[in-house]
Structure formats: structure tokens, C-alpha cells
């Protein structure tokens, strides 16, 4: 190696050493390792770890502000990789008050360059005598320990706060909600007793199942009490049982067999039981029905929340005919259960069913269309003299029919009126002979149907709109005759400005119609449409506009004085009215203008000319111009005497 | 006329008494004017320069300015400041110093269409001329000279219909005096007695108005000015009393050859804004007793700024003249038609 090479190698080594611990130290972080969860008291071993950009620095800390001792800076041990640790045992702290903001100066200095130093201020708590918060008790406000997904978790926690500086309470629910954030908590102080115990309420809205841990029992919640002297007291013995699904919820229960009578000896009762979920243990209690003599009721999980129960009825001979409840209970795998008491079955060994006497359609009308009211009168009797109810089954007319939509009115103990308004949409196709089914259901579960009545559905409207004879575009009459031809229609209705008039009869031999129609003053909009004898509405005609022009007379006082009004009456059809005042020199003195759509238009004149000055009294000429909605203008010249007092 | 001029020249050349006598009379007249009319002129100028009255509408209401004669109507109102003869009684009173010695005129007009408003005017005028002594054929004879003093009386009546059977009318009686003053100026004054009456209760009133006019001829041109309602007061039975809005008419006339005349005029509001301006021409048909008049005008330039067209004709036979004039009005209001008869006596 040459002489110059040696010099270069030496320079490289020096530079590398300078790069390792030379230059101004750059601080990364400083942590207090001990004591944690409380302020630093007398005799504590304070352990501080500080990290810098490089190893090899001379790092010191001065703990004199903490305990008042004059021992000077404490040298840190170099842990390599830029980590340094400082250990210091505090003195007596006598005469020093507890404080949350004691500043410990820390500095790092390069070993090669004493002028390259970095100073920082590290803050700790001094707590030699102030008591820490003490947890007394925590519990769920609503009792128990079970909570469900989506519930509000409300915890009451009681802390001994006597002498504690600025007690605050929080909770750490990461054991329950992995993405828990403390800011989502709502904490309020409930009250304090005389012994220094403070009660707090911590509320938290649990998220849905997907954001919770799997359901389990005995999940610990951590309740935290903090003061301003760095105390952080944690209590983790509050245990809860998390449920991400609720108890079983019933959907429906119905008997599949027998469906139109009560049960008898040795019948095999079949029940369809629907719940909100599969996987439940479902059982029915037939004790009240047959005393449980039929043996076990087996429930079969069909999946999707459907369960079927088959039960062979035991001996019910000797038991009175009556309707009894069959409670059905479902239990989920966690042991939560729910019992549905809505299903009722009948014991019926001897009670005869209701007997249909007769039924009739109102007015013997057999043809119906949309929006018609189907009215059926029906008579039934009960040989056993027990109560029965009547219901309609019009699914043949309207597949989505619901019995509750048909109104049943009792006319006498055995006579009923069933009314139903046929819907506009969803009716069965036009058909002749659709059965009208009326059912009687008695208190012994007997159901008897009658379908002797038949109706015809005809919902097809006339295909063409009426063809109107020519109508005027403008008229002074308020009543005009509307006539025309309406093929296949029994009636024609006419709408004037949205208000229907009619329907008016159409001559079935010529399909002609003619009727007087009342118009309003101004612009009228006429639309007509055909209607067959069942009320099916055909297509509408195009809108026809007719302007009814009235007199447009104008009134004003003589003499006219400031503030008086020009009143344009009979202003129907007038879109705009204007008044121009001229003096006899031919100078236009003032202009008034008003737009609108009313039968009377008022134009007020304050007696001011175009310059805003009070006009001279005297004789003037008015040029009154009114413009109709058709754009036609009408002008009048009238005299006016003006007095300006 | 040529003969007379020749005769005057010959008398001057002869050193006759016309020259001395004329200078003596003129000097006497100037002294009289200087002593009597000087203060009057000063008063008028001060009146014209009076500060503006309280803010009132400049647009006329009662007693509007209406051209009372077909000739002024046909010439677009340009002669309002350049009246001549008896018609000047209701125009620029200075014009009374022109024309025949005695004259009477009557006119009738229907203002705008519909016959809602009728307007009549009548005027009579006496003129005293200077007499010029002329040495003619060896003796002094006196020939009539320029007008020196004129007095006139005019009456206008306006009758308007009102809704229902009510009516409204305005009567004006004008007393006029015109004299020749300094520097070729002619001046005229008019006092108008105003009376409004109506079948509507409380819509009547009365008052006075004072007008003033000046005019001067320069060669074949004439310039004139009239200030209307310089001083006025009108008391209403049940309305706010007060003066009529002032108005000013300015006119310029130039006589062409072959009987033609062109005129220009403007009518101003009290504040100086132009109400109307017009140009017109009048042509006396050579060899025929006809005078044709026509011209355009622009009215209400601050408002509708509409154009108008005026025209008219006169038939003159001896001392009688029958006039017709018309002018278009604001759109929708129709035209004004006016007829008149004028009788002149030597």
C-alpha cells in the first residue's frame, strides 16, 4: 500500500467513526419504563429508555427536578443500535409537592465533538403522597352478565376517589371488540357518597356480530381509573357472556292436518313451525290437548327455520270438545329458549260443522271489473249452536287475495254481508264463471267452504278514445256542447281543468254522444275518455284548450285620487293588463302593469308620474291594454279626472 | 309694394320731412320704452330666473298647452313661439304686431279619437300701427307702418267626458298686450284667467296665469320665445292648490323664395327637458289661394320618444281663411283634427 493509500484509509476510518458517533445527535424517542401506571414516588427506581440516531453518544439525564437531590447528571448505559438506558433511584422528595409535569433534562453529546449536543425535556409525574384511585366495584347496570350483539353495554363502576386528583374512568373493551376505540365510550358521573366513593356509568353501543369476538361466556372487561398524576389503575374481573344472536324468535305456527276440522282419536297431527333460524331444538306440548297420552312430539328440522312436528293423538274420548293451545318451544344451542303459545287446536269428536244455507250476489250482478265492489250476501247456521265466523276466499279472482281485506258484516246471527273492492292491478284474466268462495269457520276448527256463486271478470276497456266534433278555441260562452263518437263505450267522461264531468251516456246504436259542458272563465283544458258499462276506462283524448273570454270591463273612481285602484273585472283569460295615463298634451304620464290569472285584476296608482312627482290634477286619458292568453290584445281609451288631495 | 319702396326712396332722396319726422318719433318712442318698459323687463327677467318651485310634476294636468289653431297644429307646434296675426293671441302674443289691423278667429278640435275631448278657441285682436308720413306727389301722406301696439282677447274652452254622465271643462280667458321695444324686439304679455268646472263634486277650481313672449326679426328670419305660466296660481275646490307647471316654447322661422317657409321649434318642460321638437314647412301655392303645411315632430323624448306627423291646408279667399290641421297622437290614442275660420279686416 502506498503512502497516499494509507492516508486515505486513515481518513476513511476517521470519517466512519465520525459518522457513527459524530455530528449532532438526533433524538428518536424517550420512554419511561418504570414505574408504570403511577407517578414516581420516593425510593422508586426510575428506568428511562431513550433512543437516538446512533450508538456512541454520551447520554445523561438530570433527575434533580424530580427529587431535589443534587447528585448531578446520571450517565446512560449504551445498549447499542442507538438505545440507551438510564437507571436512577429517587431520593426522599421531602418538601416537594406532587406534580404531573416534572421536567427531566436529557442530553446527548458526541464523544468526538463536545459542541455537538442535543438537549430535550422529558416530562414525568411526581407522586410521593397523593393516593391513587382504588376500584371498589363494577357491574352491568341491567344486571346479569349476558349481552347481545347490537345491545348497549352499560357498566356502572364505583371508585374510591377520596384525595385522588382528577379521577377519570374509562374501559378497555378490546377483549370484546377487537377494533375498540376508547373515544367511542360515553362516560358520565352518576354521583358520589360521603365516604369518597364515586359512581360512574360507562356506555358503549356494541357493534354487529361481524365486529365482535365469537360468542362466549366469561369474557373479561377492563375498567380503568386514571388520575392526573399518571395513575392508571385497571380492573379486569368484570366478566360477561356475549351472544351474537338472540333467543329463538317464532315466525308462524300452523296445523297441516287436519285443516278443516278438529282432531279426533288417533289422528296424526302435523304441525308446521317456522322460526328465525335452523338449528334449534323445537318441541310441542300436547298436554292440554290429550293429556300427553300420544307420546313424544318429534320435531324435524327441515332447514331454513322450518320445523315439522308429527304427533299421534292419544285418546281424547271423554274430553270435552274445545279449542286448546299447543305451546311450541324452541331452544338454541346456548340454552336460550322461547315458547310460542299462538297455535290452537280443537278437540272435536262430536260437534257438527256449520251448514251453508244460501248465498247471493248483490243486485244479482255477475260481471265485474277493476275497482268494482263485490258484495255477497251469505247465510249459514250452526247445528251445534256455537259461534262461527265467515271469511272470503277470492284467490281465484285475485291471486294475492288476503282474507282480511274483505269486510264481513253481520246482518243477523246467520246472515252476513261480505264486501271486497277488486284491485286495479293483479286481477285474474277476463274469465267467465270464476268461483266466489265463502267459508265458515267455527270454534271447533271446522271449516266449511261454499263456492256456488260464480262471477265474470271483464277488465278490457274500450280501445279508442272518443272522437270529438270540432270545438272552438275561443268563446264568450261558459257552457258549450261537446259531442262526438265513442266506439264500444257506454259512457264518456269529460275533464275540464282536471275536474271530471259526467259520465255521459253513449247511444249504443250510433256510438254518438252529446252533452253540455260548463267551462270556467279563462283558459280551459278539456280531456275526454270512454268508459264501458263495467267502468273500464279507455284511452284519453289529447288536451283541447278553449279560452273563455269575458268582458274585461274596467272600473275606477271619479275623481281618481292617489292610492285609488283601476279594477279590471271580468278579467278571465287576461294574462296581462296595463294602464297608460296621458295628459292632453299627449305626454305619457304614468304606466301601470299587472300580470296574473284571476277574475279581477287591480292596478293601484299612487298619483305619481314617471319622475316620481305627484301628478298635476286635471283631465287625463287612459289607454287600457289587456292581453289574453292567446296573445290577443284589446285596447280602450277612457277619460279620467284626477285630483291629488 | 315695389311701388311703395320706390316712393320711400324717392322721398328720402328728396330730403322730405319723412326723415326728420321719423327720427324724432323714433327717439321719442325709445325714451318712452326706456322709461316705462325697462323696469318691466327687469321684473320679467327676475321672474324667469326665480328659483325652482317646490318639487311638482312638470307634466301638465289641468290647463294643458294645446295648439289652438290648425296652422300651429299642422306645423307641429313650431309657431307656438312665432305666432302671427290674431292667432298670436293664444300663441306668442308678440305676433299680434303682425298682420291685418283687425282680425277674428274661431277653431274647433276633437282631441284624439273617440270624441272624448273637444276644444274650441276664439280670438279677436286690434292692432295700432305706426304711420309713416310720405312725401308723395308734392304733399305729405301717412301710410301704415309696422305694428306698434296690439291688444287681444282670446277664449278657449275644453270639454271632456267622464265615466257615467259626468263632464269636465276648462275655460281660459286670455288678455294680451304686445308692443315693439328696443333693438327690434317685440314683446308680448298675456294674462290668462283660468276656470275649471265639473259635474263631479269638488273637482272645480280657478286661478290666474301669466305668459310672456319675445320675438325678433333678422332679415328673412324670425326667432321667438314664449314662457308660459311664468307666474300662476290655481285654487282647487278639493285638491292641492298650486301653480301650473311652467313651459317654454322656442321657434325659428326662415322665409324662402316662392312662398316657402321653413320652421323649427321646441317645447320645453319647466326643468328644461324637451317635451316636443319639430321642423315644418309651409308653402303658399303660387297663383292659388292655398297654403300647405306639413312636418315631422318628436314628442316625449324622455318617455315613449315617438314620432309624429303633422299636416294641414288653408284656403284663403279675400279676408277669409278656412284652415284645417291634423297631427298624429300617441299610439292608440288617435289623431287630433282641428278646423278654423279666420276673418281679417283692413
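Protein chains in written order, with our numbering: chain F, 191 to 835; chain Z, 81 to 426. C-beta: ideal position from N, C-alpha, C; glycine also.
Applying the 10 Å Cβ sphere with the 16-neighbour rule, what's the burial state of residue i?
{"i": "residue 810(F)", "result": "buried"}
{"i": "residue 813(F)", "result": "buried"}
{"i": "residue 385(F)", "result": "exposed"}
{"i": "residue 588(F)", "result": "buried"}
{"i": "residue 240(F)", "result": "buried"}
{"i": "residue 726(F)", "result": "buried"}
{"i": "residue 326(Z)", "result": "buried"}
{"i": "residue 143(Z)", "result": "buried"}
{"i": "residue 830(F)", "result": "buried"}
{"i": "residue 321(Z)", "result": "exposed"}
{"i": "residue 721(F)", "result": "buried"}
{"i": "residue 276(Z)", "result": "buried"}
{"i": "residue 103(Z)", "result": "Note that residue 103(Z) scores a pLDDT of 44, beneath 50, so its modelled location is shaky and nothing firm can be said."}
{"i": "residue 298(Z)", "result": "exposed"}
{"i": "residue 438(F)", "result": "buried"}
{"i": "residue 818(F)", "result": "buried"}
{"i": "residue 622(F)", "result": "exposed"}
{"i": "residue 400(F)", "result": "exposed"}
{"i": "residue 372(F)", "result": "exposed"}
{"i": "residue 234(F)", "result": "buried"}
{"i": "residue 250(Z)", "result": "buried"}
{"i": "residue 724(F)", "result": "buried"}
To the nearest whole angstrom, what separates the beta carbons of residue i and residue j, a pair I think is in contact under 8 Å?
{"i": "residue 291(Z)", "j": "residue 310(Z)", "result": "7 Å"}
{"i": "residue 465(F)", "j": "residue 520(F)", "result": "5 Å"}
{"i": "residue 374(Z)", "j": "residue 357(Z)", "result": "The Cβ separation is near 16 Å, so there is no contact."}
{"i": "residue 310(F)", "j": "residue 220(F)", "result": "7 Å"}
{"i": "residue 656(F)", "j": "residue 682(F)", "result": "5 Å"}
{"i": "residue 500(F)", "j": "residue 514(F)", "result": "Wrong, their Cβ atoms sit about 18 Å apart, outside the cutoff."}
{"i": "residue 508(F)", "j": "residue 468(F)", "result": "Rounded, the Cβ-Cβ distance is 39 Å, inconsistent with contact."}
{"i": "residue 832(F)", "j": "residue 141(Z)", "result": "7 Å"}
{"i": "residue 345(F)", "j": "residue 417(F)", "result": "That belief does not hold up - the Cβ atoms of residue 345(F) and residue 417(F) are roughly 20 Å apart, past 8 Å."}
{"i": "residue 443(F)", "j": "residue 512(F)", "result": "The Cβ separation is near 19 Å, so there is no contact."}
{"i": "residue 736(F)", "j": "residue 641(F)", "result": "Not confirmed; about 53 Å, so no contact."}
{"i": "residue 796(F)", "j": "residue 752(F)", "result": "5 Å"}
{"i": "residue 360(Z)", "j": "residue 334(Z)", "result": "That pair is no contact at about 12 Å."}
Look up residue i in the DSSP assignment and give the residues it is bridged to.
{"i": "residue 357(Z)", "result": "346(Z) and 378(Z)"}
{"i": "residue 417(Z)", "result": "190(Z) and 406(Z)"}
{"i": "residue 328(Z)", "result": "307(Z) and 348(Z)"}
{"i": "residue 359(F)", "result": "415(F)"}
{"i": "residue 818(F)", "result": "764(F)"}
{"i": "residue 265(F)", "result": "250(F)"}
### Task
Decide if the stretch 692-703 of chain F is in contact with the stretch 627-638 of chain F; the criterion is three or more beta carbon pairs, one per stretch, under 8 Å apart.
Because the criterion of three Cβ pairs below 8 Å is not met, the stretch 692-703 of chain F and the stretch 627-638 of chain F do not touch.
### Task
Check whether the stretch 247-260 of chain F touches the stretch 289-301 of chain F, counting contact only when three or more Cβ pairs, one atom from each stretch, lie closer than 8 Å.
yes
### Query
Relative to chain Z, which residues along the stretch 806-821 of chain F have a C-beta separation below 8 Å, given in chain order?
806, 807, 808, 809, 810, 811, 813 and 815
### Query
Which residues, in chain order, does the stretch 744-777 of chain F contribute to contact with chain Z at a C-beta distance below 7 Å?
748, 749, 772, 773, 774, 775, 776 and 777
### Query
Is it true that the stretch 146-160 of chain Z meets the stretch 209-224 of chain Z, where meeting means three or more beta-carbon pairs spaced less than 8 Å apart?
no
### Task
Pair every Cβ in the stretch 324-338 of chain F with every Cβ in the stretch 267-286 of chain F, then say whether three or more of these pairs are closer than 8 Å.
no
#### Entry: Residues of the stretch 175-205 of chain Z whose Cβ lies closer than 9 Å to any Cβ of chain F, in chain order
191, 192, 193, 194, 196, 197 and 199
### Message
Counting only Cβ-Cβ distances shorter than 8 Å, please list the residues of the stretch 300-331 of chain Z near chain F, keeping chain order.
### Response
Listed in sequence order: 316, 318, 319, 320, 324 and 325.
### Query
Should the stretch 604-612 of chain F be called in touch with the stretch 555-569 of chain F, which here means at least 3 C-beta pairs below 8 Å?
Segment contact: the stretch 604-612 of chain F against the stretch 555-569 of chain F, three or more CB-CB distances shorter than 8 Å; contact assigned.
### Query
Does the count of Cβ pairs from the stretch 446-453 of chain F and the stretch 635-651 of chain F closer than 8 Å reach three?
yes
### Task
Evaluate the contact criterion for the stretch 763-780 of chain F versus the stretch 699-706 of chain F: three or more CB pairs, one atom per stretch, below 8 Å.
no
### Task
Compile a chain-ordered list of the residues in the stretch 134-157 of chain Z whose CB is closer than 8 Å to at least one CB of chain F.
135, 136, 137, 138, 139, 140, 141, 142, 143, 144, 145 and 146
### Task
Flag this pair as touching only if the stretch 791-806 of chain F and the stretch 821-828 of chain F have three or more C-beta atom pairs under 8 Å; answer yes or no.
no
### Query
Mind listing which residues of the stretch 220-243 of chain Z have their C-beta closer than 8 Å to chain F's C-betas, in chain order?
Within the stretch 220-243 of chain Z, the qualifying residues are 238, 240, 241, 242 and 243.
#### Entry: Under 8 Å (Cβ pairs) to chain F, residues found in the stretch 240-264 of chain Z
Cβ contacts with chain F: 240, 241, 242, 243, 244, 246, 248 and 250.
### Query
Is there contact between the stretch 164-182 of chain Z and the stretch 196-212 of chain Z, where contact requires at least three CB pairs shorter than 8 Å?
yes
### Task
Answer yes if the stretch 472-479 of chain F comes into contact with the stretch 421-429 of chain F, meaning at least three C-beta pairs across the two stretches below 8 Å, and no otherwise.
no
### Message
At a CB distance below 9 Å, what residues from the stretch 655-689 of chain F approach chain Z? Give them in sequence order.
### Response
Cβ contacts with chain Z come from no residue of the stretch 655-689 of chain F.
### Query
Listed from N- to C-terminal order along the chain, which residues in the stretch 370-382 of chain Z have their beta-carbon within a distance smaller than 7 Å of any beta-carbon of chain F?
379 and 380
### Residues from the stretch 787-801 of chain F in contact with chain Z, defined by Cβ distance under 9 Å
798, 799, 800 and 801
### Query
In the stretch 330-360 of chain Z, which residues sit with their C-beta less than 7 Å from some C-beta in chain F, listed in chain order?
355
### Task
Name, going along the chain, the residues of the stretch 396-426 of chain Z whose beta-carbon falls closer than 7 Å to a beta-carbon of chain F.
409, 410, 412 and 413
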